[in-house]
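See below for the structure under consideration.
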Amino acid sequence: MPPSSSQQSIQKVVAFALKGFSKCGEDLWECIIEECQKGSINHRINILYFFDSLCETSLLAKAHQPPEQSSSSKQANNALYVDYVSRDLTQIVECVVPVGRQGLPNLPSTKQILENWRTKRIIEPQKVDEVLLLLSSRHTEPDATSTSAPSAAKPEPHLSRSEIFKRIEEDRERHKRLRERRWVQAQPHPGPAIPSSSTFVLASFLPLSDAENAKLALDIEFENEWEATSDWNEDD
19 MPPSSSQQSI QKVVAFALKG FSKCGEDLWE CIIEECQKGS INHRINILYF
69 FDSLCETSLL AKAHQPPEQS SSSKQANNAL YVDYVSRDLT QIVECVVPVG
119 RQGLPNLPST KQILENWRTK RIIEPQKVDE VLLLLSSRHT EPDATSTSAP
169 SAAKPEPHLS RSEIFKRIEE DRERHKRLRE RRWVQAQPHP GPAIPSSSTF
219 VLASFLPLSD AENAKLALDI EFENEWEATS DWNEDD
């Protein structure tokens, strides 16, 4: 069952996905991607927020695994569903923010989530930058449907007044949760370096040098202050 916008619904689906990962993780992932491809524009942004919770929960679960269990699964999936999200990130974003006016409502939230993943190092920053560059071109590219023949253009679904207001309330709640999670900042950890097989772990579980910790703390603080003063309107 696809998740709704409520946090309770998302957490239930996250728990189900993690529970079934060892037996049928790849199959579950293919089903989720299929849902993301065929759902409505509101449904797709709900799935992206589901991915956000799924990634952080996957990394928390991986960090709390016993060392012997973690090392025995190195040849499998290093970070549970995070590896799938990283692998299919471009495909996911293209589904959530399709080209044209239809995808514009999902653009600000999608960029917020991607920037959060980059700041907290949930997904490799270089990969996130590539996708953000793709999204930035959506502001400058002409609408693909406006240059095609009228007979070939697909009609874009119109939301009812109640659906619009529902989306506004859902976005407000989701942005609030995202801002709250940004206050979880990375802490320096003494000890040996993390092996390369554990590249994709939450920033709060990685050992940071003093310089790295100061830079990351400033980045997160800036994001928090910006969100507090500008919310999600990029034109402020």
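Numbers in our numbering are just positions in the sequence shown, counted from 1, shifted up by 18. Even glycine gets a Cβ: it sits at the ideal position worked out from N, Cα and C. On a predicted model such as this, the values are computed, not experimentally measured, just so you know.
His61, DSSP secondary structure in three states: DSSP places His61 in helix when its eight states are reduced to three.
Nonlocal neighbours in the same chain, by C-beta distance under 7 Å from Asp106, ignoring five residues either side: Taking C-beta separations shorter than 7 Å and ignoring five residues to either side along the sequence, the partners of Asp106 in its chain run Ile51, following chain order.
Contact under 8 Å by Cβ, Leu72 with Tyr99: It is a contact, given that the beta carbons lie within the stated cut-off.
Local Cβ density within 10 Å of Asp70, reported as buried at 16 or more and exposed below that: Here Asp70 is buried. Its C-beta has 16 or more other C-beta atoms within 10 Å.
Contact under 8 Å by Cβ, Asn124 with Val117: Not a contact, by the Cβ cut-off of 8 Å.
CB-CB length for Val146 against Thr108, believed under 8 Å: Your pair Val146 and Thr108 does not check out as a contact, with CB atoms roughly 11 Å apart and the cut at 8 Å.
Given Asp189 as reference, the closest of Arg156, Thr128, Glu74, Leu46 once Cα atoms are compared: For the residues Arg156, Thr128, Glu74, Leu46, the minimum Cα distance to Asp189 belongs to Thr128.
Pair within 8 Å by beta-carbon distance, Arg136 and Asn60: No; because the gap between Cβ atoms is not below 8 Å, this pair is not in contact.
Beta-carbon gap between Cys113 and Arg62 smaller than 8 Å: Contact: yes.
Gln83 - DSSP class collapsed to helix/strand/coil: Correct three-state label for Gln83: coil.
Beta-carbon proximity check, Ser57 vs Leu46, cutoff 8 Å: The question names Ser, but residue 57 is Gly in the sequence shown. No; because the gap between Cβ atoms is not below 8 Å, this pair is not in contact.
C-alpha gap between Pro126 and Gln144, whole angstroms: Approximately 20 Å between the Cα atoms of the pair.
Cutoff 6 Å; reference Cys54; Cβ partners in own chain excluding five residues on either side: The residues are Arg62, Ile65, Cys113.
Where Ala35 falls, given that 16 or more other Cβ within 10 Å makes a residue buried: Taking all protein chains shown into account, Ala35 has 16 or more neighbouring C-beta atoms within 10 Å of its C-beta and is therefore buried.
Identity of the residue in Lys138, Glu142, Gln130 nearest Leu153 by Cα: When each option's Cα is compared against that of Leu153, the closest is Gln130.
His207 versus Ser104 - alpha carbon distance: No answer about His207 holds up, because its pLDDT of 39 lies below 50 and its placement is not dependable.
C-alpha gap between Tyr67 and Gln83, whole angstroms: One alpha carbon belongs to Tyr67, the other to Gln83, and they sit about 25 Å apart.
Per-residue burial, Ile28 [other beta carbons within 10 Å of its own, 16 or more giving buried]: Its Cβ being crowded by 16 or more others within 10 Å, Ile28 is buried.
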